[in-house]
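Student:
Residue numbers (the numbering used here), protein chains in the order written: chain B, 984 to 1199; chain U, 17 to 244.
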């Protein structure tokens, strides 16, 4: 009993917080003070017009951009750039897909797994590509794929690597309805497992969640 | 133990990935090598067939040309990754960034410095260098070209996303490579004169040790700034 009590329950404690966080980009203050707290299984949607700071906010949350003021906290600990405790839990998908056009979809995913310190088997990679309807393109070069299909490959990375926190920037851009529905299934499964997600989007997502509206 | 294994794995993964990428775009790699071959062949044409003079100039000229040829490939070290967003994924990897940068530099050397080094004994024949001296020159390139990749990576990281970055990169990196050029060419000249080249190679080795220590850290800091 004593041992069980001493081991902290990871799922219950995980929490991402922004505390009086300011975001500036290129010397211009975009957001003065952002406060929120996200717990296991919760989704936060970022809505707002172009240039309102959605992307910059996401880059601050994953530590690529230092906050202008305030801080990001993970499990009540402030997050610094390159934090080895925080980074393994984060999956970030930016504007660009982060996949190499000269390699195949499967090669890209295998490398993503290796970079995260994991090994991915061919069957796993195929299953993840299948989840986004891209199983047929596993071994063709990404160069031959359309913009929306590349986005699907990038989203398959989320299915491959189990990260607690998803930070997604316009995940639906360029996707057709079928792919959007597949992403929806992926996101709901992630939230059910106790994952968290912060998603900047123009199309409202179906899972229930809070909405943070940013104004330009 | 697992930390060491993760480090080793991520290093191997990046080297394998980058060499594969270079192979898929081998046109760029071969273009750099072709530049090296052509430029090295131009000097004998311009200077004339006087054997003694050519042989005297050979180590310096081959070294300068190798330096310029390695500049050509530097700008592609991080630029593709910067453009397609995979640099962000690299920065967000839980492994130490400097270590991952070192892996990228290693892959860059394998696809730029190593082929230059292998070509040099062949090209030295145009200058009438004896085989043993040409091998000595190649040895100096083996110790020297990794330093060029290491210093170049710092420049490539600092000029990432800057307009006209390629020229700025050369202006930034070439002066820093001067010591390598001096010791490298001196090692080649010593080899050609049949003298021991231990001193020059030791100095090149010292340059390599110092840049191995400092350059990945500096390049990693540069990449973090570029990603902001």
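Ideal Cβ placement from N, Cα and C applies to all residues, glycine included. Model, not experiment: these values are computed from the prediction.
Consult DSSP for residue 1078/B and reduce its assignment to one of helix, strand or coil.
Tutor: The count along the first chain starts at 1 and reaches residue 1078/B at position 95. Three-state DSSP puts residue 1078/B in coil, outside helix and strand.
Student: Does the beta-carbon distance from residue 83/U to residue 193/U come in below 8 Å?
Tutor: Here residue 83/U corresponds to residue number 67 of the second chain, with the count starting at 1. Here residue 193/U corresponds to residue number 177 of the second chain, with the count starting at 1. Yes, the Cβ-Cβ distance between residue 83/U and residue 193/U is below 8 Å.
Student: Compile a chain-ordered list of the residues in the region 1042-1054 of chain B whose CB is closer than 7 Å to at least one CB of chain U.
Tutor: Answer set for the region 1042-1054 of chain B: 1045, 1047, 1048.
Student: For a contact meaning CB atoms closer than 8 Å, what does residue 1061/B contact in chain U?
Tutor: Taking the first chain and counting its residues from 1, one reaches residue 1061/B at position 78. Within 8 Å Cβ-Cβ: nothing; residue 1061/B doesn't reach chain U, min ~18 Å.
Student: Anything in chain B within Cβ reach of residue 111/U, meaning under 8 Å, just list it in chain order.
Tutor: Counting from 1 along the second chain, the entry for residue 111/U is found at position 95. Within chain B, the residues near residue 111/U are 1098, 1100.
Student: Would you kindly work out how many angstroms separate the C-alpha atoms of residue 1112/B and residue 1010/B, rounded to a whole number?
Tutor: For the purposes of this step, residue 1112/B is taken as the residue at position 129 of the first chain. For the purposes of this step, residue 1010/B is taken as the residue at position 27 of the first chain. Approximately 40 Å between the Cα atoms of the pair.
Student: How about residue 25/U: is its C-beta nearer than 8 Å to some C-beta of chain B?
Tutor: Taking the second chain and counting its residues from 1, one reaches residue 25/U at position 9. Residue 25/U counts as touching chain B.
Student: Using a Cβ-Cβ distance under 8 Å, would residue 1188/B count as near chain U?
Tutor: What you label residue 1188/B is simply residue 205 of the first chain in a count that begins at 1. False, the Cβ-Cβ gap to chain U never drops below 8 Å.
Student: Report the neighbours of residue 107/U on chain B: residues whose CB is nearer than 7 Å to its CB, in chain order.
Tutor: Locating residue 107/U in the second chain gives position 91, where the first residue counts as 1. Those within 7 Å of residue 107/U in chain B are 1047.
Student: Residue 79/U: buried (16+ other C-beta within 10 angstroms of its C-beta) or exposed?
Tutor: If you number the second chain from 1, residue 79/U lands on position 63. The residue in question, residue 79/U, is buried, as its Cβ has 16 or more Cβ neighbours within 10 Å.
Student: Quick check: the Cα distance between residue 1099/B and residue 96/U, rounded to an integer number of angstroms?
Tutor: Along the first chain, read from residue 1 onward, the residue named residue 1099/B stands at position 116. Along the second chain, read from residue 1 onward, the residue named residue 96/U stands at position 80. Roughly 20 Å between the two C-alpha positions.
Student: Can you give me the Cβ contacts of residue 178/U inside the same chain, cut-off strictly under 8 Å, excluding the 5 residues immediately before and after it?
Tutor: On the second chain, position 162 is the one that residue 178/U refers to. For residue 178/U, where only same-chain residues beyond five positions count, the Cβ hits under 8 Å are 184.
Student: In the DSSP assignment, find the beta strand (DSSP E) that holds residue 1186/B and state where it starts and stops.
Tutor: Residue numbering aside, residue 1186/B sits at position 203 when the first chain is read from its first letter. No beta strand (DSSP E) contains residue 1186/B, which DSSP labels as neither H nor E.
Student: Using DSSP with H/G/I as helix, E/B as strand and the rest coil, what is residue 1004/B?
Tutor: To locate residue 1004/B, count along the first chain from 1; it is residue 21. Strand.
Student: Name the two residues that bound the continuous alpha helix (DSSP H) containing residue 1096/B.
Tutor: For the purposes of this step, residue 1096/B is taken as residue 113 along the first chain, with counting starting at 1. From DSSP, the alpha helix (DSSP H) with residue 1096/B extends over 1088-1098.
Student: What separation, rounded to the nearest whole angstrom, lies between the Cα atoms of residue 1105/B and residue 1090/B?
Tutor: Here residue 1105/B corresponds to residue number 122 of the first chain, with the count starting at 1. Here residue 1090/B corresponds to residue number 107 of the first chain, with the count starting at 1. When rounded, the distance between both Cα atoms is 10 Å.
Student: Using a beta-carbon distance below 8 Å, is residue 1036/B in contact with chain U?
Tutor: For the purposes of this step, residue 1036/B is identified with residue 53 of the first chain, where counting begins at 1. It does not; no Cβ of chain U falls within 8 Å.
Student: Any beta-carbon of chain B closer than 8 Å to the one on residue 42/U?
Tutor: As a position in the second chain, residue 42/U is number 26, starting the count at 1. It does not; no Cβ of chain B falls within 8 Å.
Student: Note the first and the last residue of the continuous beta strand (DSSP E) segment covering residue 1171/B.
Tutor: The residue given as residue 1171/B occupies position 188 in the first chain. Unbroken run through residue 1171/B is the alpha helix (DSSP H), 1160-1175; no beta strand (DSSP E).
Student: With distances taken Cα to Cα, identify the nearest neighbour of residue 1087/B among 1116/B, 1060/B, 1128/B.
Tutor: Your numbering for residue 1087/B matches position 104 in the first chain. Minimum Cα distance to residue 1087/B is reached at 1128/B.
Student: Answer yes if the region 126-137 of chain U comes into contact with the region 150-165 of chain U, meaning at least three C-beta pairs across the two stretches below 8 Å, and no otherwise.
Tutor: The region 150-165 of chain U vs the region 126-137 of chain U: in contact.
Student: Which whole-angstrom value is the C-beta distance of residue 1080/B and residue 1134/B, which I expect to be below 8 Å?
Tutor: In the first chain, the residue the question calls residue 1080/B occupies position 97. In the first chain, the residue the question calls residue 1134/B occupies position 151. That pair is a contact at about 6 Å.
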